[in-house]
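Notes follow the structure.
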Amino acid sequence: MDVAAFAREIGSGPLALESQAANEQHYEVPAQFFESCLGRRMKYSACLFPHASTSLVEAEEEMLRLTCERAEISDGMRVLELGCGWGSLTLWIAEHFPNCTITALTNSNSQREFIEQTARQRKFVNVRVITANMTEFSADEKFDRIVSVEMFEHMRNYKLLFSRLAGWLAPQGKAFVHVFCHRSTPYLFETEGADNWMGRNFFTGGMMPSVDLFSHFDDCLGIEKQWTVNGLHYWRTCEEWLRNLDSNRSRALESLSKNVGIGNAEKALQRWRMFFMACAELFRYRDGMEWFVAHYLFTPQESGSPQAHRGEPALVQEGGV
Numbered sequence: 550m551d552v553a554a555f556a557r558e559i560g561s562g563p564l565a566l567e568s569q570a571a572n573e574q575h576y577e578v579p580a581q582f583f584e585s586c587l588g589r590r591m592k593y594s595a596c597l598f599p600h601a602s603t604s605l606v607e608a609e610e611e612m613l614r615l616t617c618e619r620a621e622i623s624d625g626m627r628v629l630e631l632g633c634g635w636g637s638l639t640l641w642i643a644e645h646f647p648n649c650t651i652t653a654l655t656n657s658n659s660q661r662e663f664i665e666q667t668a669r670q671r672k673f674v675n676v677r678v679i680t681a682n683m684t685e686f687s688a689d690e691k692f693d694r695i696v697s698v699e700m701f702e703h704m705r706n707y708k709l710l711f712s713r714l715a716g717w718l719a720p721q722g723k724a725f726v727h728v729f730c731h732r733s734t735p736y737l738f739e740t741e742g743a744d745n746w747m748g749r750n751f752f753t754g755g756m757m758p759s760v761d762l763f764s765h766f767d768d769c770l771g772i773e774k775q776w777t778v779n780g781l782h783y784w785r786t787c788e789e790w791l792r793n794l795d796s797n798r799s800r801a802l803e804s805l806s807k808n809v810g811i812g813n814a815e816k817a818l819q820r821w822r823m824f825f826m827a828c829a830e831l832f833r834y835r836d837g838m839e840w841f842v843a844h845y846l847f848t849p850q851e852s853g854s855p856q857a858h859r860g861e862p863a864l865v866q867e868g869g870v
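Just so we're aligned: the sequence shown equals residues 550 to 870 in the numbering used here.
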């Protein structure tokens with residue numbers, strides 16, 4: 550199926566599928582487990598490694614800085630983050646742009662509690678966290694920026710999603726989206742069959758977008774700017790997560806046992822190890838030029854305005870690795 554046909558198919562369905570499954574697979578896992586493998590910022594998404602010597606802590610900072618730069622965030626803005634994870638970007642914005650007000654949306658109670666506790670400890674008064682399913686969420690105000698990092702892969706109907714985002718933007722507002730993607734072919738994560746282990750255990754209801762997929766949904770939001778981040782940065786990220794997980798094995802097992810029981814903790818831990826290894830090799834393939842990360846800056850489309858450009862952009866590597 551070509552990209553245009555794929556876009557038509559998902560554009561006629563529900564906003565998302567299996568939201569609860571995705572939540573259980575990733576986001577209601579105890580914070581202590583992720584503290585065992587992620588960096589200091591608890592960034593559960595691709596980081597940026599400008600140099601071979603860059604540490605995970607430094608790589609988190611680099612990608613958070615780049616995200617805010619490309620999202621064109623400035624102090625005093627009203628910011629909505631959709632799918633905020635453990636709060637790495639929300640808390641980074643709160644720290645570096647103290648006059649911004651940030652509303653963070655998560656489908657996870659444990660993530661909300663973690664972010665709220667961290668915000669209190671750091672005396673941030675400009676952060677509000679909402680627990681809601683994205684399919685049911687409706688913003689009660691307008692925002693200067695909407696940002697989303699690795700949440701759109703859990704969505705399906707981008708036509709409906711972009712329509713909602715456009716309605717939540719203030720005049721001159723913009724939306725920034727970070728996704729992992731394939732260079733040419735979008736596909737769904739299936740759950741049936743022995744070779745669909747990833748979809749069954751970690752991405753139920755999810756999809757792998759192609760880098761040009763969003764350009765087929767430009768009725769409400771058009772792509773103003775677009776960048777790609779070489780997949781080797783995600784390879785390094787996953788390798789660092791795996792290294793941390795192995796170094797903190799006892800702590801990780803203790804946290805997983807609270808979630809799945811002592812008898813199943815070893816199996817769950819090995820499943821996470823395999824997940825990090827599989828993702829690392831995926832993004833390493835063809836030197837990071839097959840699967841990688843894409844960044845998009847969207848602006849509302851005026852009625853009758855030209856459609857955003859379509860076609861594959863140049864694959865640009867962000868720094869070293």
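The beta-carbon is built from N, C-alpha and C at its ideal position, and this holds for glycine as well.
Does the separation of the CB atoms of K708 and D624 fall below 9 Å? If you number the sequence shown from 1, residue 708 lands on position 159. If you number the sequence shown from 1, residue 624 lands on position 75. The answer is no: Cβ separation not under 9 Å.
Restricting to Cα atoms, I'd like to know which of A814, R798 and N797 is closest to L805. Position 256 of the sequence shown holds residue 805. Nearest C-alpha to L805: A814.
Use the C-beta contact count for P758: other C-beta atoms within 10 angstroms, 16 or more gives buried, fewer gives exposed. On the sequence shown, position 209 is the one that residue 758 refers to. Per the 10 Å Cβ criterion, buried.
From the DSSP secondary-structure annotation, give me the bridge partner or partners of H844. The residue you call residue 844 lines up with position 295 of the sequence shown. Its beta-bridge partners are H727 and W776.
Mind checking whether I664 and A653 have CB atoms under 9 Å apart? For the purposes of this step, residue 664 is taken as residue 115 along the sequence shown, with counting starting at 1. For the purposes of this step, residue 653 is taken as residue 104 along the sequence shown, with counting starting at 1. Yes, these two residues count as a Cβ contact at 9 Å.
Three-state secondary structure (DSSP) of D768: Counting from 1 along the sequence shown, the entry for residue 768 is found at position 219. Three-state DSSP puts D768 in coil, outside helix and strand.
Per DSSP, what kind of secondary structure is T734 in: helix, strand or coil? Within the sequence shown, the letter at position 185 stands for residue 734. The answer is coil: DSSP assigns T734 none of H, G, I, E or B.
So L794 packs on S602, CB below 8 Å; how close in whole Å? Position 245 of the sequence shown, counted from the start, is the residue given in the question as residue 794. Position 53 of the sequence shown, counted from the start, is the residue given in the question as residue 602. Not confirmed; about 22 Å, so no contact.
If you measure between the beta carbons of C730 and A843, is that distance less than 9 Å? For the purposes of this step, residue 730 is taken as the residue at position 181 of the sequence shown. For the purposes of this step, residue 843 is taken as the residue at position 294 of the sequence shown. Yes, these two residues count as a Cβ contact at 9 Å.
In the structure shown, what three-state DSSP assignment does I559 receive? Position 10 of the sequence shown holds residue 559. In this structure, I559 counts as helix in the three-state DSSP scheme.
Please list the terminal residues of the continuous alpha helix (DSSP H) segment that includes V606. Numbered from its first residue, the sequence shown carries residue 606 at position 57. From DSSP, the alpha helix (DSSP H) with V606 extends over L605 to R619.
Cβ of A553 versus every heavy atom of the ligand FAD: is any distance shorter than 8 Å? Among the components modelled here there is no ligand, and therefore nothing to report on the ligand FAD.
Buried or exposed, going by whether 16 or more other CB atoms sit within 10 Å of the CB of G754? The sequence position of residue 754 within the sequence shown is 205, counting from 1. G754 is buried by the Cβ-count criterion.
Complete runs of the beta strand (DSSP E) confined to the region 616 to 701 [at least 3 residues]: 627 to 631, 650 to 655, 676 to 680 and 692 to 698
DSSP bridge partner residues for M747 (one or two, in chain order): Position 198 of the sequence shown, counted from the start, is the residue given in the question as residue 747. Note: M747 sits in no beta bridge, so no partner.
Do you know how far the Cα of Y736 is from the Cα of D551? Taking the sequence shown and counting its residues from 1, one reaches residue 551 at position 2. Taking the sequence shown and counting its residues from 1, one reaches residue 736 at position 187. Rounded to the nearest angstrom, the two C-alpha atoms are 10 Å apart.
On a CA-only basis, which of F847, Q721, E702 and R785 is nearest E609? Give me that one, please. Within the sequence shown, numbered from 1, the residue matching residue 609 stands at position 60. Closest by alpha carbon: R785.
Starting from the Cα of I695, find the closest Cα among E739, F752 and A620 and give me that residue. In the sequence shown, counting from the first residue as 1, residue 695 sits at position 146. It is A620 whose Cα lies nearest to the Cα of I695.
Quick check on M823: does DSSP put it in helix, strand or coil? Your numbering for residue 823 matches position 274 in the sequence shown. Here M823 sits in helix by DSSP.
Select from A595, T777, H782 and A801 the residue whose C-alpha is nearest the C-alpha of K816. The count along the sequence shown starts at 1 and reaches residue 816 at position 267. Nearest of A595, T777, H782 and A801 to K816, Cα basis: A801.
Under 8 Å, with one C-beta from each stretch per pair, do the region 630 to 644 and the region 657 to 674 reach the 3-pair mark? yes
C-beta contact flag for K774 and L718 at 9 Å: Here residue 774 refers to the residue found at position 225 when the sequence shown is read from its first residue. Here residue 718 refers to the residue found at position 169 when the sequence shown is read from its first residue. Not a contact, by the Cβ cut-off of 9 Å.
Based on Cα-Cα distance, which residue from L831, T650 and L791 lies nearest to W821? Mapped onto the sequence shown, residue 821 falls at position 272. If we check each option's Cα against that of W821, L791 comes out closest.
Taking 6 Å as the limit between beta carbons, can you name the residues of its chain near L629, skipping five residues before and five after? Translated into the one-based positions of the sequence shown, residue 629 becomes position 80. Result list for L629: T652, F692 and I695, in chain order.
DSSP three-state call for L564: helix, strand or coil? In the sequence shown, the residue the question calls residue 564 occupies position 15. Three-state DSSP puts L564 in coil, outside helix and strand.
Among V676, L631 and G810, which one has its Cα closest to the Cα of N648? In the sequence shown, residue 648 corresponds to position 99, counting from 1. N648 has its Cα closest to that of V676, out of V676, L631 and G810.
In DSSP terms, what M756 is bridged to: On the sequence shown, residue 756 is found 207 positions in, with the first residue counted as 1. DSSP output for M756 lists L737 as bridge partner(s).
Rounded C-alpha distance that separates C617 from G812: As a first step, residue 617 is located in the sequence shown; it is residue number 68 there, counting from the start. As a first step, residue 812 is located in the sequence shown; it is residue number 263 there, counting from the start. Each residue's Cα considered, the two are about 43 Å apart.
Pick helix, strand or coil for Q850, following the three-state DSSP scheme. Within the sequence shown, residue 850 is the residue found at index 301, counting from 1. Three-state DSSP puts Q850 in coil, outside helix and strand.
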